[in-house]
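Protein chains in written order, with this note's numbering: chain W, 3 to 435; chain A, 3 to 435.
Below is one structure; the comments refer to it alone.
Number of protein chains: 2
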Amino acid sequence: IADRDILFLKEQVASLHESELGDLLESLQSEQRRALVGLLGEDFDFTALTEVDESVRREIVGDLPIEQMVEGLGELDSDDAVYILEDLDPEEQDDILARLPFTERVRLRRSLDYPEETAGRRMQTEFVAVPPFWSVGQTIDYLREDENLPFSFAQVFVVDPTFRLLGAIDLDSILRSRREVRVEDIMHETSRSIPALMDQEDAAQLMSQYDLLSAAVVDENNRLVGVLTIDDVLDVIQEEAEEDIKFLGGVGDEELSDNVVSTVRSRFPWLLVNLATAILASLIIGIFDATIQQMVALAVLMPIVASMGGNAGTQTLTVTVRALATRDLDIYNAARIIRRETWIGLINGLLFAVLVAIMAFVWFGNAQLGLVIAIAMVINMVSAALAGILLPLLLDKIGVDPALASAVFVTTVTDIVGFFSFLGLAGWWFGLL
Amino acid sequence: IADRDILFLKEQVASLHESELGDLLESLQSEQRRALVGLLGEDFDFTALTEVDESVRREIVGDLPIEQMVEGLGELDSDDAVYILEDLDPEEQDDILARLPFTERVRLRRSLDYPEETAGRRMQTEFVAVPPFWSVGQTIDYLREDENLPFSFAQVFVVDPTFRLLGAIDLDSILRSRREVRVEDIMHETSRSIPALMDQEDAAQLMSQYDLLSAAVVDENNRLVGVLTIDDVLDVIQEEAEEDIKFLGGVGDEELSDNVVSTVRSRFPWLLVNLATAILASLIIGIFDATIQQMVALAVLMPIVASMGGNAGTQTLTVTVRALATRDLDIYNAARIIRRETWIGLINGLLFAVLVAIMAFVWFGNAQLGLVIAIAMVINMVSAALAGILLPLLLDKIGVDPALASAVFVTTVTDIVGFFSFLGLAGWWFGLL
């Protein structure tokens, strides 16, 4: 790049897969990236833009002249084009759409009109549809001759004259049938078509559950408007799992290519919330400062109760958040799972109560201290189980992503209950309040 | 089920998709499940077994007579059959394999001979392969006439007479080509075939990166032995993300349908490790018990330092574990990412040092205490960043899943460094040691 040996560069880049070009773009410094895209000019493969992190994409798109954007987007499948367009300002979108040919403009506009994160926004609007009375032979001839077909497809849809969806045929059934067989005899009914307004995660779960390679997307009148393919679903499922992991770990939607400043900025709020809850826990300890002064062993042991509760709560939380995400947990079995988690909390609480009681006795030679920490441990482990399951269920009920805030809330509960029950119980038992 | 109204039941169950039958089986009590499978008899759909949790599958398979197992497995695609077989004892496997027809026996045996979690174990051994000199017409005729084809397929492979892989054709290119076109002219080279011994996660990442719907699996001589399809990849990627989430949350591979006892048993070891590290942290506090007795504010404030470090460490850890899983982090950029995380730890450490210093001063009216907690905070946040990135990198290097043990290790580091730096510094500063 430094040498601007354009010919050599173009050759090299042309041999790269779009995702490799994407990785390359991400690994470059900002100016190098700009230089590379500039040098490639017309040869720049727009599909690579769908493979890079959002910050990189915005930067490249911001630099490109509008003529090149229009031309590049025109060559993309509609779902990829929408993916790039949806990051832009409405005026920029309009500007670009206005310069596209009529059919493409209508297609992209239709996707963009559906709300973000719905099946309609993610779908590909290019698809192959045939009437039910056609034969396999007619269909094959049509596929051979029509130039306007999508880049690749896995199903042919069968529709009536008003584009109402009747069924679908996998390509292998077409290939395995004789030319004279009628399309409607080999199509299977698509009872599992996806409403365009369905949330993309629900659509992804549906396709993944039924192992669908592609699914028809229909509007409210059951008219075919697009197709959702398995690679989009794969992306949605990966993003969703990624989001859960990051939220549970207390990081926002940062990416590895973000710089230090923007990462600090994105992690700061999570730490600030944690600071607030840590101070809350400290206030609880502060209530008992006189107690601690008289019996410093309490200060030594108190983090154990809090930490065990925090861990047990995180376990329950993790299971609950994932079960909600995979739709394994719903109102039908919630009561059963709550009972189950409470039992688990109680049993593990009793087991670890015995262990810490013995340890406290051996360490400080004080059997009563052992008894106190044991009772506090049981109380905190049961609270941990309840907090771990009830908080995410509550957040889910009010429409907040249960992974988002649960981790901090759950450890707040277990810290406060842990410190309060242990110090309070000890102060009352030993008369140190 | 209670009424044993077999006919009605069979009708109902037959209308269910395999994954719905799987969900039904999971939601039933053990005896009801046994009764249902017994009543269904020959009509029991074995694909449902691939949709249930492992404990449920073992139970059902254990109850089934071997004749029914043999017949049921014979009807499955080879990858599904292997999925069920691999849970059984070697003797049971041999017993069942011996009763299967020769070709199926050889196919299943070939998959089972590859180690667990490799592409070879996951692949489907039924595929369609044609020689390069065939025309599109010949291929279509072959597909129409051969009865022995896999249940469904997305690609046709092109092989030489020794089954060495030459290329692959997507079904839509076959449908769009004229009958006289030769296969080798429309095939694309499959530079991205997957060695049978490749780890299934690597294979899944590869297919997901290049958006492949199906990929050829080849042996060490580049001979085609099977095909890996996108739905298997989807399962692998989901399992992998699921595993990361669960390990980071401190739960093993438990499932929602597990009972209380087995869940307690699976969570107990994680809590035990946490107990050990919590005791370690307590020992550190114990060193400074005289210091705390003289200045009880230290006991009140010390959880703040530890908790902030734990949170910051978990953030770095989460990002690192995911970057390793998605292969975004490797030896080429590790140094850069370590530097980045250290800077983030330092900057966030300084920001929160100022905040807690002010808070400590306001609360206890002691500016020196504020200074001490500020310094301890910076030390612990930087340690948290280093622990959060170096521990998972180390585990990954020695071949341990970085998600497995990192969370506990990282919070151990931050607890110990947090308590030690804050209490030690305070003791030294105020001469209370």
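Each residue gets a CB set at the ideal place from its N, CA and C atoms; glycine is no exception.
Beta carbon proximity, residue i to chain A, threshold 7 Å
i                     : result
residue 32 (chain W)  : no
residue 202 (chain W) : no
residue 155 (chain W) : yes
residue 352 (chain W) : no
residue 332 (chain W) : no
residue 178 (chain W) : yes
residue 457 (chain W) : Residue coverage of chain W in this structure runs from 3 to 435, which leaves residue 457 (chain W) outside it and unanswerable.
residue 268 (chain W) : no
residue 391 (chain W) : no
residue 174 (chain W) : yes
residue 168 (chain W) : no
residue 57 (chain W)  : no
residue 423 (chain W) : no
residue 253 (chain W) : yes
residue 387 (chain W) : no
Residue i and residue j closer than 7 Å at C-beta
i                     : j                     : result
residue 85 (chain W)  : residue 198 (chain W) : no
residue 227 (chain A) : residue 221 (chain A) : yes
residue 333 (chain A) : residue 418 (chain A) : no
residue 389 (chain W) : residue 358 (chain W) : no
residue 218 (chain W) : residue 165 (chain W) : no
residue 246 (chain A) : residue 321 (chain A) : no
residue 290 (chain W) : residue 433 (chain W) : no
residue 299 (chain W) : residue 363 (chain W) : no
residue 257 (chain W) : residue 55 (chain W)  : yes
residue 58 (chain W)  : residue 28 (chain W)  : yes
Neighbour flag for residue i against chain W, beta carbons, 7 Å
i                     : result
residue 188 (chain A) : no
residue 316 (chain A) : yes
residue 211 (chain A) : yes
residue 321 (chain A) : yes
residue 313 (chain A) : yes
residue 100 (chain A) : no
residue 184 (chain A) : no
residue 273 (chain A) : yes
Spatial neighbours of residue i in its chain, beta-carbon cut-off 7 Å, leaving aside the 5 residues before and after
i                    : result
residue 83 (chain W) : 75 and 110
Through-space distance from residue j to residue i, alpha-carbon basis
i                     : j                     : result
residue 141 (chain W) : residue 328 (chain A) : 41 Å
residue 186 (chain W) : residue 244 (chain W) : 41 Å
residue 395 (chain A) : residue 121 (chain A) : 25 Å
residue 336 (chain A) : residue 214 (chain A) : 28 Å
residue 424 (chain W) : residue 38 (chain A)  : 50 Å
residue 315 (chain W) : residue 307 (chain W) : 12 Å
residue 94 (chain A)  : residue 173 (chain A) : 39 Å
residue 312 (chain A) : residue 400 (chain A) : 24 Å
residue 132 (chain A) : residue 234 (chain W) : 30 Å
residue 295 (chain W) : residue 410 (chain A) : 30 Å
residue 255 (chain A) : residue 319 (chain W) : 15 Å
residue 119 (chain A) : residue 302 (chain A) : 49 Å
residue 127 (chain A) : residue 36 (chain W)  : 46 Å
residue 372 (chain A) : residue 277 (chain W) : 15 Å
residue 404 (chain W) : residue 393 (chain W) : 8 Å
residue 195 (chain A) : residue 170 (chain A) : 10 Å
residue 18 (chain W)  : residue 31 (chain W)  : 19 Å
residue 270 (chain W) : residue 251 (chain W) : 13 Å
residue 236 (chain A) : residue 53 (chain A)  : 14 Å
residue 283 (chain A) : residue 414 (chain A) : 7 Å
residue 375 (chain W) : residue 242 (chain A) : 38 Å
residue 179 (chain A) : residue 200 (chain W) : 36 Å
residue 139 (chain A) : residue 145 (chain A) : 10 Å
residue 135 (chain A) : residue 224 (chain A) : 20 Å
Cut-off 6 Å between Cβ atoms - residues of its own chain near residue i, not counting five sequence neighbours on either side
i                     : result
residue 325 (chain W) : 331
residue 344 (chain A) : 387
residue 288 (chain A) : none
residue 216 (chain W) : 156, 157, 229 and 231
Cβ neighbours of residue i in the same chain (closer than 8 Å, five flanking residues each side left out)
i                     : result
residue 380 (chain W) : 348, 351, 352 and 355
residue 406 (chain A) : 249 and 397
Scan the stretch 72–97 of chain W for residues whose Cβ lies nearer than 9 Å to a Cβ of chain A and list them as they occur along the chain.
none
Members of the stretch 280–307 of chain A that neighbour chain W once the beta carbon cut-off is set at 7 Å
280, 281, 283, 284, 287, 288, 291, 294, 295, 298, 301, 302, 303, 305 and 306
Mind listing which residues of the stretch 109–142 of chain W have their C-beta closer than 9 Å to chain A's C-betas, in chain order?
130, 141 and 142
Please identify, using Cβ separations under 7 Å, the residues of the stretch 216–244 of chain W that lie next to chain A, in order along the chain.
Cβ contacts with chain A come from 232, 233, 236, 239, 240, 243 and 244.
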